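S.K.: Before I ask anything, here is the structure I am working with.
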Amino acid sequence: MPILTIRKERFWELIGRSLLDSELSNLLHNLGMDVEEISPDSFRVEYNPNRPDYSSPTGIARAAQGLLGVKLGLPRYSLSPAKTYVKVDPKVRDVRPYIVGAIVRGLKLDSQKIEELIAMQEDLHWILGRDRKKVAIGLHDLDALKPPFRYIAAKGDEYAFIPLGSWRKMTLNEILTKHEKGLKYGHLVKDKPRYPLILDSRGEVLSFPPIINSVLTELSPKTKNIFIDITGLDLDALHKTLNIITTTLHDMGGRIEQVRIIYPDRVLVTPNYKTKRWKIKIEYVNSLLGLNLSSLEISKALKKMRHGVKIDRKTIIVTPPPYRVD
366 MPILTIRKER
376 FWELIGRSLL
386 DSELSNLLHN
396 LGMDVEEISP
406 DSFRVEYNPN
416 RPDYSSPTGI
426 ARAAQGLLGV
436 KLGLPRYSLS
446 PAKTYVKVDP
456 KVRDVRPYIV
466 GAIVRGLKLD
476 SQKIEELIAM
486 QEDLHWILGR
496 DRKKVAIGLH
506 DLDALKPPFR
516 YIAAKGDEYA
526 FIPLGSWRKM
536 TLNEILTKHE
546 KGLKYGHLVK
556 DKPRYPLILD
566 SRGEVLSFPP
576 IINSVLTELS
586 PKTKNIFIDI
596 TGLDLDALHK
606 TLNIITTTLH
616 DMGGRIEQVR
626 IIYPDRVLVT
636 PNYKTKRWKI
646 KIEYVNSLLG
656 LNLSSLEISK
666 ALKKMRHGVK
676 IDRKTIIVTP
686 PPYRVD
């Protein structure tokens, strides 16, 4: 089970108020988490993998605001239309066939927030990505790059770049045999005739997914704009992962911009926040819970869980937020 350590000061900032330790403990339990430890400056919680939106302090705080009544109902996320694209090489179909992306602008990062993003990335790799096999995430300093981008399948000696954790250029073959991440995750691509690679318009390497990113695009406190790439084997899982990451970055102060993904046979625009709407009979809710709640009481409870709610006579129409992928 994934565990997060969160500084209290950071959490108070996110939820808009401070809490006593007893109040904090009750709140976290009501959110479905196990409290591992509460110290004077921080707390540790274990969350269920069926709530991947809890993979960051921002995600937990967003849910906490609902229970505390600070913010109720469906969060609103605006999407700026795509200004750039990723062109997908037909050859990746037999290697790592899917990619989605987004741009987030106007961020104010510091070392703590970057640590939160990296921890969220690794938790999502495990929860939704099956240890990067199904989903792999890249977060890049956009200002170090020149869009548009290409997602290609390359030979092992065709490109070289400086990967994170190294000081020299390495070919893809060298990364797989000599780099720590290549040795750990190389089995995911070693049986392929070519390897997946993401390039900008200058031919600079962003990422060798699902292995390692380039040092060129490493995030720092100076980073203001981020390009997100998510590659993998399951397109639905990629969309879900992108929704969690982009809504989190939005709630950290960023503005989300869509990206066109140009496949050989279709064009996607990502992220896409269209979610299912659920219709539930009030009578069914009460029979399931063994209660006699009014439609307004049910509506209030759902809004505390940050859902959008409409009442249509004896039916409640529920719209979940885009980060609720469970």
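Every position in the sequence shown, counted from 1, becomes a number in this note's numbering once 365 is added.
Note that beta-carbon positions come from the ideal geometry of N, C-alpha and C, so glycine has one too.
It should be emphasised that the depicted structure is a prediction, and the values quoted were computed from it without experimental measurement.
In chain order, what residues of the same chain have a beta carbon less than 6 angstroms from the beta carbon of S421, not counting five sequence neighbours either side?
M.R.: Only E481, M485 and T613 meet the Cβ criterion.
S.K.: Does the stretch 496-506 come within contact of the stretch 630-650, defined as at least 3 CB pairs closer than 8 angstroms?
M.R.: In short, these stretches do not touch, since the Cβ pair count stays below three.
S.K.: Quick check on L379: buried or exposed, where buried means 16 or more other Cβ atoms within 10 Å of its Cβ?
M.R.: Its Cβ being crowded by 16 or more others within 10 Å, L379 is buried.
S.K.: To the nearest angstrom, how far is it from the Cα of V341 to the Cα of G466?
M.R.: Here the chain covers residues 366 to 691 and nothing more, so residue 341 does not appear.
S.K.: Could you compute how far the alpha carbon of L571 sits from the alpha carbon of V690?
M.R.: If I take the Cα positions, the gap works out to 28 angstroms.
S.K.: Whose C-alpha, out of K543, F573 and K478, is nearest the C-alpha of Y524?
M.R.: Closest by alpha carbon: F573.
S.K.: What did DSSP end up calling G547 once you bin it into helix, strand or coil?
M.R.: Correct three-state label for G547: helix.
S.K.: Go through its chain and collect everything with a Cβ distance to D616's Cβ below 7 angstroms, but skip five positions before and after it.
M.R.: If we look at D616 and ignore the five residues flanking it on each side, its Cβ neighbours are T423 and R427.
S.K.: Assign N657 to one of two classes, buried (16 or more other C-beta atoms within 10 Å of its C-beta) or exposed (fewer than that).
M.R.: The residue in question, N657, is exposed, as its Cβ has fewer than 16 Cβ neighbours within 10 Å.
S.K.: So if DSSP puts F408 in a beta bridge, which residue, or which two residues, is it bridged to?
M.R.: Beta-bridge pairing links F408 to I371 and I403.
S.K.: Going by beta-carbon coordinates alone, are S407 and K456 separated by less than 8 angstroms?
M.R.: In this structure, K456 does not lie closer than 8 angstroms to S407 by Cβ.
S.K.: If we ignore side chains and look at the alpha-carbon of each, how far apart do L661 and L396 end up?
M.R.: Computed Cα separation, rounded: 22 angstroms.
S.K.: Between which two residues does the alpha helix (DSSP H) carrying T612 extend?
M.R.: From DSSP, the alpha helix (DSSP H) with T612 extends over L600 to D616.
S.K.: Would you mind working out which of L392, R567, N578 and D565 sits nearest G547, comparing C-alpha positions?
M.R.: The candidate whose alpha carbon is nearest that of G547 is N578.
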